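Residue numbers (this note's numbering): 1237 to 1518.
Now the structure itself:
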């Protein structure tokens, strides 16, 4: 359970810190009855041709977080410089920022403006507690509708053989696993569009499902992008929490201000303090 908990924290911490004050197919446009017969390498290459190719990406997110029987909603401003930094600004009240989070390939920072405190940790220290291959680039891929391999920066031709291809009617699944025996299942339709990513503990008990809905064309770019994402954490098939994310005001390849200045009077806290805070909210 510790390993899948680490995965859940990597994905849900992005929004779990936020509020706090205040494998099934997804349906997409296109012919779902057509059967794709491409072999593994050709299929993966075609999937990647449909993925966003960008330098920067920003959007407004409306997020509903579910933890147990509680649901909390918030507006979140999302900014991403590819392979460099991802920022989330949580603004639940009239555009007033409550939290800001920044993830980079080697560290995570959080500002809690309500309590004037912050956290800054390098992943090298956190991996002693949460030993998983899942990394910044993998999290980036989840948010921008891309295929990934655990621990890798990107999927290249030399990695294709690390997937196992399985077909069921018009659905194609690509399976992979990491060194800690977490299982990854990427589900795509016959048009090679990613429908969902399922991450499962080796014994099958705990899982994280990230689904992509409402694929739509984007102005001035050549790819489709899901305007809704649904994330669910399950224990023995029973949903224990998750989040619904709705995207609006999408912008690609625009200059972004990624400032993360921490006021001098803010108190520094540790990742352990954050875990205690989350535990208290649950």
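Where is the CB? At the ideal position from N, CA and C, for every residue including glycine. Bear in mind that the values here come from a model prediction, so they are computed numbers and not experimental data.
Do the stretch 1298-1310 and the stretch 1276-1289 touch if we need at least three Cβ pairs shorter than 8 Å? With the cut-off at 8 Å, the stretch 1298-1310 and the stretch 1276-1289 do not touch.
Provide the residue span of the alpha helix (DSSP H) that contains residue 1373, from first to last. Where residue 1373 is concerned, the enclosing alpha helix (DSSP H) stretches over 1372-1379.
Can you check whether the CB of residue 1383 is closer than 8 Å to the CB of residue 1391? At a Cβ-Cβ threshold of 8 Å, residue 1391 and residue 1383 count as neighbours.
Just mark residue 1351 as buried or exposed, buried being the case when its beta carbon has 16 or more other beta carbons within 10 Å. By the Cβ neighbour-count rule, residue 1351 is exposed, with fewer than 16 other Cβ atoms within 10 Å of its own.
Beta-carbon separation (whole angstroms), residue 1346 vs residue 1335, contact threshold 8 Å: That belief holds up - the Cβ atoms of residue 1346 and residue 1335 are roughly 7 Å apart, short of 8 Å.
Suppose contacts are defined by Cβ-Cβ distances below 8 Å. Is residue 1444 in contact with residue 1452 by that definition? Cβ atoms of residue 1444 and residue 1452: not closer than 8 Å.
With 16 other CB atoms within 10 Å as the buried threshold, where does residue 1424 fall? Flag for residue 1424 reads buried.
Can you tell me which residues form a DSSP beta bridge with residue 1317? Paired residues: 1292, 1321.
Classify residue 1392 as helix, strand or coil using the three-state DSSP reduction. DSSP places residue 1392 in coil when its eight states are reduced to three.
Can you find a heavy atom of the ligand GTP that lies under 7 Å from the Cβ of residue 1371? In terms of ligand content, the structure shown is empty, and the ligand GTP therefore cannot be addressed.
By a C-beta neighbour count over all protein chains shown, 10 Å radius and 16 as the cutoff for buried, is residue 1265 buried or exposed? Because the pLDDT of residue 1265 is 43, which lies under 50, any placement of that residue in the model is unreliable, and the question is left without a value.
Grouping DSSP H, G and I as helix and E and B as strand, with all else coil, what is residue 1345? For residue 1345, the three-state secondary structure derived from DSSP is strand.
Do you know offhand how far residue 1282's Cα is from residue 1422's? So the alpha carbons of these two residues sit roughly 14 Å apart.
Comparing alpha-carbon positions, which option in 1326, 1318, 1315 lies nearest residue 1309? It is 1326 whose Cα lies nearest to the Cα of residue 1309.
Close beta carbons around residue 1502, own chain, < 6 Å, minus the five adjacent residues each side: Here residue 1502 has 1352, 1353, 1354 as same chain residues with Cβ atoms under 6 Å from its own Cβ, once five neighbours each way along the sequence are excluded.
Along the chain, where does the alpha helix (DSSP H) that runs through residue 1412 open and close? Element bounds for residue 1412: not the alpha helix (DSSP H) but the beta strand (DSSP E), 1407-1413.
Please classify residue 1472 as buried or exposed, where buried requires at least 16 other C-beta atoms within 10 Å of its C-beta. With fewer than 16 other Cβ atoms within 10 Å, it is exposed.
Among 1419, 1399, 1323, 1306, nearest to residue 1376 - alpha-carbon criterion: The residue with the shortest Cα to Cα distance from residue 1376 is 1323.
Please go through the same chain and pick out, in chain order, the residues whose beta-carbon is closer than 6 Å to the beta-carbon of residue 1341, but skip the five residues on each side of it. The answer, listed in chain order, is 1372.
Going by beta-carbon coordinates alone, are residue 1275 and residue 1296 separated by less than 8 Å? Not in contact: residue 1275 and residue 1296 (Cβ atoms no closer than 8 Å).
At which residues does the beta strand (DSSP E) containing residue 1468 begin and terminate? Per DSSP, residue 1468 belongs to the beta strand (DSSP E) from 1460-1471.
By Cβ distance below 6 Å, which residues in the same chain neighbour residue 1428 in space, the five residues on each side in sequence not counted? The residues are 1282, 1283, 1286.
For residue 1285, does the three-state DSSP call read helix, strand or coil? In the three-state scheme derived from DSSP, where H, G and I count as helix and E and B as strand, residue 1285 is classed as helix.
List the DSSP bridge partners of residue 1478. Note: residue 1478 sits in a beta bridge opposite 1302, 1468.
For residue 1438 and residue 1419, which I take to be in contact (beta-carbon distance under 8 Å), what is that distance rounded to the nearest angstrom? Your pair residue 1438 and residue 1419 checks out as a contact, with CB atoms roughly 7 Å apart and the cut at 8 Å.
Just grab the DSSP bridge partners of residue 1330 for me. Residue pairing from DSSP leaves residue 1330 without any beta-bridge partner.
Grab me the residues of residue 1490's own chain with a C-beta within less than 8 Å of its C-beta, minus the 5 sequence neighbours each way, in chain order. Correct list, in chain order: 1292, 1294.
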